[in-house]
Amino acid sequence: MLSVKSKRELFMLKKLQVQNFKSILSDTIELGQLNVFIGENGAGKSNLLEALAVMSAAKQERLDIEGLYSKGVRVAKPELTFSSFHSKKPKPQIEISVAFQREKQLMTIKSVLETDMTDEAVVKWKDSFEQQAQEQEQQDILKHVLNISAYEDKVKLMKALSEQRRTEKSALYHPIQNYLIYNLNTKALRGLSSESKKVPLGINGEGLDILLANFSELEFTQLQEYAYFVNWLDEIVIDTEDLMKFSDLKQGKSISKLYFKDKFMMKKENIFSAENANEGVLHILFYLALFISRRTPTLFAIDNIESHLNPHLCTELTRVICKLAKKTNKQTLITTHNPAILDGLNLNDDDIRLFEIYRNDEGHTKTRRIQLNPETKPVKAKLSELWMRGYLGAISKQF
Numbered sequence: 008m009l010s011v012k013s014k015r016e017l018f019m020l021k022k023l024q025v026q027n028f029k030s031i032l033s034d035t036i037e038l039g040q041l042n043v044f045i046g047e048n049g050a051g052k053s054n055l056l057e058a059l060a061v062m063s064a065a066k067q068e069r070l071d072i073e074g075l076y077s078k079g080v081r082v083a084k085p086e087l088t089f090s091s092f093h094s095k096k097p098k099p100q101i102e103i104s105v106a107f108q109r110e111k112q113l114m115t116i117k118s119v120l121e122t123d124m125t126d127e128a129v130v131k132w133k134d135s136f137e138q139q140a141q142e143q144e145q146q147d148i149l150k151h152v153l154n155i156s157a158y159e160d161k162v163k164l165m166k167a168l169s170e171q172r173r174t175e176k177s178a179l180y181h182p183i184q185n186y187l188i189y190n191l192n193t194k195a196l197r198g199l200s201s202e203s204k205k206v207p208l209g210i211n212g213e214g215l216d217i218l219l220a221n222f223s224e225l226e227f228t229q230l231q232e233y234a235y236f237v238n239w240l241d242e243i244v245i246d247t248e249d250l251m252k253f254s255d256l257k258q259g260k261s262i263s264k265l266y267f268k269d270k271f272m273m274k275k276e277n278i279f280s281a282e283n284a285n286e287g288v289l290h291i292l293f294y295l296a297l298f299i300s301r302r303t304p305t306l307f308a309i310d311n312i313e314s315h316l317n318p319h320l321c322t323e324l325t326r327v328i329c330k331l332a333k334k335t336n337k338q339t340l341i342t343t344h345n346p347a348i349l350d351g352l353n354l355n356d357d358d359i360r361l362f363e364i365y366r367n368d369e370g371h372t373k374t375r376r377i378q379l380n381p382e383t384k385p386v387k388a389k390l391s392e393l394w395m396r397g398y399l400g401a402i403s404k405q406f
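For the sequence shown, the tail end lands on 406 under this note's numbering, and the numbers increase by one without skipping.
(1) Quick one: measure Cβ to Cβ for N42 and I341, integer angstroms, because I've assumed they're closer than 8 Å.
(2) Could you check the C-alpha separation between L70 and L240 for me, to the nearest Å?
(3) Once the 5 residues before and after L393 are set aside, which same chain residues still bring their CB inside 6 Å of it?
(4) Does the beta-carbon distance from S91 to S203 come in below 8 Å?
(5) Among the residues of its own chain, which have a CB less than 7 Å from the CB of I245, if the five just before and after it don't count?
(6) Distance, Cα to Cα, N353 vs I359?
(7) Check whether the Cβ atoms of I364 and L59 sit closer than 8 Å, and answer yes or no.
(8) Between N190 and N311, is the Cβ-Cβ spacing less than 8 Å?
(9) Do you know whose CA, among Q26, D134 and G351, lies nearest T322's CA?
(10) Distance, Cα to Cα, S200 vs L331?
(11) Specify the secondary structure class of I183 as computed by DSSP and reduced to three states.
(12) Tell me where the beta strand (DSSP E) around N42 begins and ends.
(13) Do A106 and K29 have their C-beta atoms within less than 8 Å of each other?
(14) Just to confirm my understanding: we take M8, look at its own chain, exclude 5 residues before and 5 after, and list those with CB closer than 6 Å. What are they?
(15) At the level of alpha carbons, what is the spacing between D134 and Q100?
(16) At the level of alpha carbons, what is the spacing between E110 and L75?
(17) Determine the contact status of L256 and F279, defining contact as a CB-CB distance below 8 Å.
(18) Below 8 Å on the Cβ atoms is my guess for F293 versus G212; work out the distance and round it to an integer in Å.
(19) Is the separation between the beta-carbon of S261 and that of R197 shorter than 8 Å?
(20) Looking only at its own chain, which residues have a Cβ that is under 6 Å from the Cβ of E47, when we skip the five neighbours before and after it?
(21) What does the Cβ neighbour count give for L250, buried or exposed, with the cut at 16 atoms within 10 Å?
(22) Closer than 6 Å by C-beta to I291: which residues in its own chain qualify, once you throw out the five before and the five after it? Chain order, please.
(23) Would you give the residue range spanned by the alpha helix (DSSP H) that S53 belongs to?
(24) Report all residues from its chain with a CB closer than 8 Å to the CB of L187; omit the five preceding and five following residues, and keep chain order.
(25) Note down, in chain order, each residue of its chain lying with its Cβ closer than 6 Å to the Cβ of V25, except the 5 sequence neighbours on either side.
(26) Where do the N-terminal and C-terminal ends of the beta strand (DSSP E) with D216 fall, by residue?
(27) Going along the chain, which residues of its own chain have a beta-carbon closer than 6 Å to the beta-carbon of Y180, five neighbours each way excluded?
(28) According to DSSP, is K194 part of a helix, a strand, or is it coil?
(29) Rounded to a whole number of angstroms, what is the C-alpha to C-alpha distance between Y233 and E282?
(30) How would you call G397, buried or exposed, if buried means at least 16 neighbouring beta carbons within 10 angstroms?
(31) With distances taken from CA atoms, which of D356, L23 and E276 is nearest N380?
(32) What are the residues that DSSP puts in a beta bridge with R360?
(33) Secondary structure at S13, three-state DSSP: helix, strand or coil?
(34) Please classify Y233: does DSSP put it in a helix, a strand, or coil?
(35) Out of A401, R375, L390 and V386, point me to the one whose CA is closest to E37's CA.
(36) Along the chain, where does the beta strand (DSSP E) that runs through L23 open and close?
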């Protein structure tokens with residue numbers, strides 16, 4: 008069996024700490040490689056994903072509205088972005104820190120987000136922690152050149168030291184800078200809208216056809232291994248020259264160059280565009296491409312992964328992406344409301360983790376890891392059944 012072997016070193020995000028961000032007043036979570044979050048509507052699952060996205064934007068120096076939207080953040084005015092709870096004095100500061108593991112080395116990155124424009128409709132945030140770090144770097148560089156008399160030598164050394172610091176920072180921030188939240192939209196997958204300009208894949212599903220067109224032979228071979236997900240699929244066609252649009256196969260003027268052949272249809276009329284394909288095949292193809300490709304981020308989130316998918320398909324998809332994440336060195340955070348997703352998780356594997364997201368009696372978002380107890384007898388019931396019965400939490404207690 009052919010598979011894609013990734014030589015990229017995996018920077019594993021081990022810990023995420025968030026303070027004063029939306030419904031998360033203070034919380035710490037220790038992550039695995041594939042992490043699934045369940046909880047009531049409004050518990051704060053998306054807020055957790057967004058906290059990491061805000062930090063990612065900060066380390067790219069893109070804390071404006073466009074930069075935050077491009078990461079999948081639901082942008083709100085500062086008063087709604089800072090935590091606001093009864094009996095708690097508002098704090099005009101968001102603190103986010105992460106710890107990455109690289110082999111046996113643990114590296115910590117921090118952001119302190121502030122804004123002076125709390126009464127403005129359009130707000131530009133700043134990372135005061137990063138600004139202070141940059142100022143300290145400049146002071147350190149100046150100390151190195153003070154004892155050098157020749158002006159040209161001073162300039163050369165300052166440039167060399169600055170470049171060295173930029174290289175070191177780029178290597179440190181790289182895992183977090185490309186993080187974003189995927190929340191698929193069927194119109195985007197069909198090529199009928201293109202709001203996200205992210206490459207190679209937009210946060211709503213844009214660019215799937217282009218990514219597939221640039222798959223290596225090994226990547227495409229691996230993709231074909233999962234053709235069984237779609238029982239009617241005969242072939243995936245990428246019309247790179249966009250010639251099929253002249254055959255009236257795209258009545259809605261889709262910009263996608265992705266087509267499918269149906270093995271049950273007559274040969275002369277068995278090809279149709281992404282515009283006419285069912286939602287399920289587009290979502291499945293997107294997730295497989297996301298995990299297989301070497302061009303997609305190594306760290307990302309998926310909000311509501313179960314959307315448009317049959318429950319049985321959800322279970323198998325989860326099993327597959329758990330395997331692909333390890334093969335291609337991907338780390339992901341996933342939210343779901345579908346119990347079938349849980350049945351694809353092997354919680355005996357410490358890299359695969361399940362969390363309940365809930366709000367405590369004061370309304371603060373908290374996380375709780377759900378683990379199997381090795382000292383008790385194996386439970387025959389599926390995780391989906393345990394969730395529906397209320398044994399895992401993550402359901403409403405109001406009814």
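Backbone N, C-alpha and C define an ideal beta-carbon position, used for all residues, glycine too.
Put simply:
(1) Yes, N42 and I341 are in contact; Cβ-Cβ is about 7 Å, under 8 Å.
(2) In this structure, the alpha-carbon of L70 lies about 43 Å from that of L240.
(3) L399, listed in sequence order.
(4) Against a cut-off of 8 Å, the Cβ pair of S203 and S91 comes out as no contact.
(5) Hits under 7 Å: D216, L219, A220, K264 and L265.
(6) Distance between the alpha carbons of N353 and I359: 7 Å.
(7) No; because the gap between Cβ atoms is not below 8 Å, this pair is not in contact.
(8) Taking 8 Å as the Cβ cut-off, N190 and N311 qualify as a contacting pair.
(9) Among Q26, D134 and G351, the Cα nearest to that of T322 is on G351.
(10) It is roughly 29 Å from the alpha-carbon of S200 to the alpha-carbon of L331.
(11) In the structure shown, the three-state DSSP call for I183 is helix.
(12) Boundaries of the beta strand (DSSP E) around N42: L41 to G46.
(13) In this structure, A106 sits away from K29, with a CB-CB distance that is not shorter than 8 Å.
(14) Below a pLDDT of 50, predicted positions are generally treated as unreliable, and M8, at 32, falls in that range; the measurement from the model is reported next regardless. Excluding sequence neighbours, M8 sits near nothing in its chain.
(15) Those two C-alpha atoms are separated by around 10 Å.
(16) Distance between the alpha carbons of E110 and L75: 31 Å.
(17) Yes, the pair counts as a contact, with Cβ atoms nearer than the cut-off.
(18) Contact holds; Cβ gap of about 6 Å.
(19) Yes, the Cβ-Cβ distance between S261 and R197 is below 8 Å.
(20) Short of 6 Å from the beta carbon of E47, and not among the five residues preceding or following it, lie these beta carbons of its own chain, in chain order: S403.
(21) With fewer than 16 other beta carbons inside 10 angstroms of its own, L250 counts as exposed.
(22) Hits under 6 Å: F236.
(23) Note, S53: alpha helix (DSSP H), K52 to K66.
(24) Excluding residues up to 5 positions away in sequence, A60, S63, S77, K78, G79, K205, I210, P304, F307 and A308 lie with their Cβ nearer than 8 Å to the Cβ of L187 in the same chain.
(25) Closer than 6 Å at Cβ, skipping near neighbours: I31, D34, A58 and I103.
(26) Element bounds for D216: not the beta strand (DSSP E) but the alpha helix (DSSP H), L215 to A220.
(27) Exclusion of the five residues before and after Y180 leaves K66 as the residues of its chain whose Cβ lies within less than 6 Å of its Cβ.
(28) Note: K194 maps to helix in three-state DSSP.
(29) About 22 Å.
(30) That one is exposed.
(31) Check the Cα spacing between N380 and each of D356, L23 and E276: the tightest is with D356.
(32) N42, per the DSSP bridge assignment.
(33) Any reading at S13 needs caution, since the residue's pLDDT is 42, under 50, leaving its predicted position unreliable; the model's value is listed next. When DSSP states are grouped into helix, strand and coil, S13 belongs to the coil group.
(34) For Y233, the three-state secondary structure derived from DSSP is coil.
(35) It is R375 whose Cα lies nearest to the Cα of E37.
(36) Residues M19 to F28.
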